[in-house]
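Step one of this worksheet: look at the structure below.
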Amino acid sequence: MSALLSVQGLSFTKSTKTGFFSKPKIFHLASLDFELQAGETMAIIGDNGSGKSTVAKLLVGAETPDKGSIILNGETMQPGNIKQRCLKIRMIFQHSQGSLNPGLTLGSLLDEPLKLNTKLTVSERRRKIEDTLIQVGLMADHAHFYRHMLSEGQKQRVALARALILNPEVIVADEPFAALDPSVRSQTVNLLVRLQQDLGVGFIFISHNLGIVRHISDRVLVMQNGKVIESGKTDVIFNWPKTDYTKKLIHAYQSLNKR
């Protein structure tokens, strides 16, 4: 069975100046290779600065790789083709508050990608927006709401709706539950699992929360300093980690759960 998403030899280098007299900090993402099947969730874990969010930005086209290719269903994603990327790979950001325009209704927010990327009529777009809101556990009437009228959990559901609105094949979620309290987080995680089962979408899930990673992911990539140092099925990674770094991450998670 051919992979839904194939990442081959992806590398990236970025130089960042932290001060006028300081030397620039250089981050290098080493050659990255992985595959994602339809309906599969692959988690990427690692400390801050390991390269997790950089991978997310490369996948959705927010950064351009130095080398390598991203192939979706046999079609190579072209770095300059934003429309191609927007239709196929969508992203859920960590802070839904900042990604929602406070001056627009939810209906207008969800209508924008449809107007830019589809040939749907006004009535077809309206129906699609209402159906998608219901799909993520909101009401059709939420289309008339503004950002300030929503709870944090509802904002994250809107972010999920915006990711789903164009029927993507892959969704990249970068710490999507970090700002949610535990009860709302649990509901949203279960919603995500159900939607994946219903739609067969491939998920790339980036998180520090290893409890959620263990619950929803099929496979795990462990990153350190821009390199994948370990990968495998979730149960294998959690029960039989190979590298000292992965053992440290798993031990910290297990120690936290014992408290």
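Residue numbers (the working numbering): 1057 to 1315.
For every residue, glycine included, the Cβ atom is placed at its ideal position computed from N, Cα and C.
| query | result |
| --- | --- |
| For Ala1229: DSSP bridge partner residues | Ile1148, Phe1261 |
| Straight-line Cα distance separating His1307 from Ala1215 | 32 Å |
| DSSP state of Gln1064 mapped onto helix, strand, coil | strand |
| Rounded Cβ spacing between Met1098 and Leu1277 (contact assumed at less than 8 Å) | 7 Å |
| Close-in-space but distant-in-sequence residues of the same chain around Val1245 (CB under 8 Å, 5 per side omitted) | Phe1233, Ile1268, His1271, Ile1272 |
| Whether Lys1123 touches Ile1262 by CB criterion (8 Å) | no |
| Whole-angstrom distance between Thr1299 and Tyr1309, CA atom to CA atom | 16 Å |
| Selection from Thr1069, Leu1092, Lys1144 that minimises the alpha carbon distance to Asn1223 | Lys1144 |
| Inter-residue Cα distance where the pair is Thr1290 and Asn1173 | 36 Å |
| Cβ pair Leu1189, Ala1217 closer than 8 Å | yes |
| Buried or exposed (CB count within 10 angstroms, at least 16 for buried), Leu1312 | exposed |
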